[in-house]
Structures are given as C-alpha cells and as structure tokens.
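Below you'll find the structure, written out as structure tokens, and then a few comments.
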Ligand code: GAR
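In the working numbering, the protein residues as written are 63 to 281.
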C-alpha cells in the first residue's frame with residue numbers, strides 16, 4: 063500500500079527560483095496536482111520571491127542570520143510552514159544545511175534537488191567539479207532529504223553529456239533544463255503517493271528503489 067496522497071507543499075528557496083517556477087508552471091498546466099501554500103526564502107530580495115508574488119503565493123523571508131543557532135532558525139521555518147498545514151516540503155535551490163530539528167518534523171516528506179548525479183559531487187560547485195573530473199556525463203538528482211547532506215535516497219536522475227569547450231555556466235544551464243523536468247515529476251509522484259520514503263529507502267509504485275530511476279528510461 064502506498065502512503066496517502068500529500069499535495070499541500072511549502073517551498074524553500076535561496077535564489078533565482080527557476081525550479082520553483084517549473085513547479086508553478088506544471089501546476090498551472092494541470093500536470094502537477096500540488097498546491098503551493100507558501101514560499102520561504104532565507105535570503106531577502108531573491109527573484110524566487112518575485113516569482114511567488116507573481117503567482118499569488120504567500121511568501122516570506124526568514125533570514126538564518128537572525129538566529130543564533132540552526133535549531134532556532136529551523137524552528138522559525140517550521141512555525142511558518144505549520145501555519146499552512148503543509149504535507150510536504152520542496153527544497154528548490156535552498157542553500158542552507160537542514161538538521162534534525164527540521165528534518166524530523168517532516169519525516170520522509172522533504173524533497174531536494176541537487177545539481178549532480180548523486181552520490182557524485184555532493185555539496186557545492188558541482189558543475190566546476192564535474193568539468194575538472196574524468197566524467198563524461200553530469201546531471202541532476204531528486205532525492206528525499208535526510209540529515210545526511212545530499213545523502214538521502216535518490217528517486218530520479220537526468221543526465222547531460224559534458225561537451226568539449228563546456229564551461230560551468232553552460233553546463234549548469236543544460237542541467238537546469240533537466241531539473242525543470244524531473245522536479246515537477248517527482249512532486250507529482252509524491253502527491254499521487256507513487257513515491258514514498260520508508261526506513262531510509264525510496265519506494266516507487268510500492269517497489270523499493272535499489273537504484274535511482276533515470277529520466278531517459280522512463281520516457
Ligand atoms: C539548482 O541548480 C539546484 O539544483 C541547486 O541550486 C540551483 C537553484 O536554481 N541546488 C543546490 O545546489 C542545493 N544544494 P533555482 O533557484 O533557479 O531553482
């Protein structure tokens with residue numbers, strides 16, 4: 063039995079918000095059955111907040127700098143999110159590490175998108191590190207967030223080739239295009255109950271995923 067559907071989401075952002083926009087657009091197109099109840103940024107004046115405003119979504123700035131500990135910051139996030147009774151959290155370019163105060167409040171109900179083919183290149187500067195490696199492909203991953211940074215079980219990945227003469231900006235743009243496909247898809251799957259998290263593993267259609275799904279295979 064899959065878990066029951068969850069469709070009220072809170073989105074955390076720190077930047078331009080193109081992933082937020084892709085989810086908004088997919089909802090408007092009827093391809094994603096989620097309802098974004100609120101958007102919270104830890105940074106003021108980022109374009110993601112304008113995107114939320116344009117879509118008439120309640121939006122807030124909760125700066126991590128206003129708190130003396132991560133736990134207090136995370137408690138403030140929870141307080142606002144719980145006002146909206148959200149079912150799940152979507153991290154869309156949210157650039158703060160989240161620890162157990164936050165993660166344990168939404169057990170198995172936090173999705174993150176990361177710009178690499180995890181477990182390769184967790185952390186920052188993924189595109190430059192991919193270029194400097196021997197890899198010939200790069201990409202992005204959607205995973206359930208756990209207290210391990212970029213370490214929760216991966217659900218879906220999409221790949222792009224690393225091209226001759228690539229630079230980090232060009233590579234990032236090609237990866238972002240894939241992010242905008244796989245993230246709304248995973249949000250929809252979570253809303254439908256097609257994916258869920260149990261005991262450290264991701265499940266898809268009630269089957270435990272032993273490896274991440276690949277966009278190229280499911281099309
Ligand atoms: C995206 O590439 C996302 O994968 C990455 O930040 C970018 C946000 O873009 N997230 C992380 O690096 C998280 N560790 P956006 O603001 O345009 O969605």
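Every residue gets a Cβ at the ideal spot worked out from N, C-alpha and C, and that includes glycine. The structure displayed is predicted, hence computed values, not measured ones.
Classification of residue i by the beta-carbon crowding that lies within 10 angstroms, buried from 16 upward
i, result
"residue 199", "exposed"
"residue 241", "buried"
"residue 111", "buried"
"residue 272", "exposed"
"residue 212", "buried"
"residue 247", "buried"
"residue 250", "buried"
Proximity test, residue i beta-carbon vs ligand 1 heavy atom, cut-off 7 Å
i, result
"residue 157", "yes"
"residue 241", "yes"
"residue 80", "yes"
"residue 214", "no"
"residue 176", "yes"
"residue 96", "no"
"residue 110", "yes"
"residue 170", "no"
"residue 75", "yes"
"residue 233", "no"
"residue 173", "no"
7 Å CB neighbourhood of residue i in its chain, flanking five on each side removed
i, result
"residue 117", "86"
"residue 183", "191 and 192"
"residue 218", "204, 244, 247, 248, 274, 275 and 277"
Selection from the options that minimises the alpha carbon distance to residue i
i, options, result
"residue 171", "126, 257, 92 and 130", "257"
"residue 181", "264, 205, 152 and 225", "205"
"residue 79", "92, 114, 99 and 93", "114"
Residues near residue i by beta carbon distance below 8 Å, same chain, minus five either side
i, result
"residue 68", "149, 150, 171, 252, 253 and 255"
"residue 102", "72, 73, 74, 75, 121, 122, 123, 124, 139, 142 and 143"
"residue 97", "69, 70, 71 and 89"
Same chain only: Cβ atoms within 6 Å of residue i, ignoring 5 sequence neighbours per side
i, result
"residue 277", "220 and 244"
Near ligand 3: residue i beta-carbon under 7 Å from a heavy atom
i, result
"residue 248", "With respect to ligand 3, the structure offers nothing, as its ligand set consists of ligand 1."
**Request:** Give, in chain order, every unbroken run of the alpha helix (DSSP H) that is at least 4 residues long and sits entirely within the segment 111 to 173.
**Result:** 132 to 145 and 162 to 165
**Message:** Just to confirm the assignment: which complete alpha helix (DSSP H) runs, minimum length 4, are found wholly within the segment 82 to 116?
**Reply:** 109 to 116
**Item:** Runs of beta strand (DSSP E) lying entirely within the segment 186 to 230, each at least 3 residues, in chain order
**Value:** With a minimum length of 3 residues, the continuous beta strand (DSSP E) runs that stay inside the segment 186 to 230 are 199 to 206 and 216 to 223.
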